[in-house]
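Some notes on the structure that comes next.
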Amino acid sequence: MTISWSATSPTSGKFASVERSDFAGLAKRFDDLRAQRRGYLEVRGSAMFPVLTLGFAGSAAVVHLLTDENAISLLAADQPADADAEVLVLDDPVHFTADFVLNLERAWQVVEEFARTGDPRRAGEWREL
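Numbering (the working numbering), first residue to last: 365 to 493.
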């Protein structure tokens with residue numbers, strides 16, 4: 365699948381909205397951000413929607429799904445975390461309840477699957493906001 369992605373810059377720590385298209389570059393950026401223990405990224409296919417976002421801090425992560433300009437959902441945790449968490453959304457830390465806090469490895473698996481298939485439904489239960 366063709367993807368477009370943008371993410372936090374590892375040098376500035378700010379979200380860089382410039383889109384890139386290679387999955388290898390996305391994986392490298394994720395690894396760079398994981399080493400810094402915080403980051404935010406957005407991934408989409410060739411269409412404007414759906415867009416999958418991943419925000420994280422430490423090992424806590426939250427995944428959003430934007431299906432159009434007016435519809436946003438959160439991926440429910442398979443097993444809720446022990447505590448609420450603050451993760452990055454764009455450039456700002458945002459508080460989320462444990463029901464939506466995923467382990468970072470699980471969240472990255474969701475992003476990888478979406479980048480391969482373009483199908484966010486495989487990730488689990490989405491709860492519309």
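Ideal Cβ positions, reconstructed from N, Cα and C, are used throughout, including at glycine.
Asked	Found
Which residues mark the beginning and the end of the beta strand (DSSP E) in which Val453 is found?	449-453
Pull up the CB-CB distance for Asp455 and Lys392, whole angstroms please, since I reckon it's below 8 Å.	Contact flag wrong, Cβ pair sits at about 21 Å.
Which residue comes first and which comes last in the alpha helix (DSSP H) that contains Arg401?	Premise fails: Arg401 is in no alpha helix (DSSP H) and is neither H nor E.
Any idea what DSSP makes of Leu390, helix, strand or coil?	helix
By Cβ distance, which residues of its chain are closer than 8 Å to Thr366, with the 5 residues on each side in sequence left out?	Ser385, Gly409, Ser410
Just tell me which of Asp442, Leu493, Asp448 has its CA closest to the CA of Glu469.	Asp442
When you compare only the Cα positions, how much space is there between Leu405 and Thr417?	6 Å
Find the nearest neighbour of Thr481 within the set Val407, Ser370, Arg398, Val382, judged by alpha-carbon distance.	Val407
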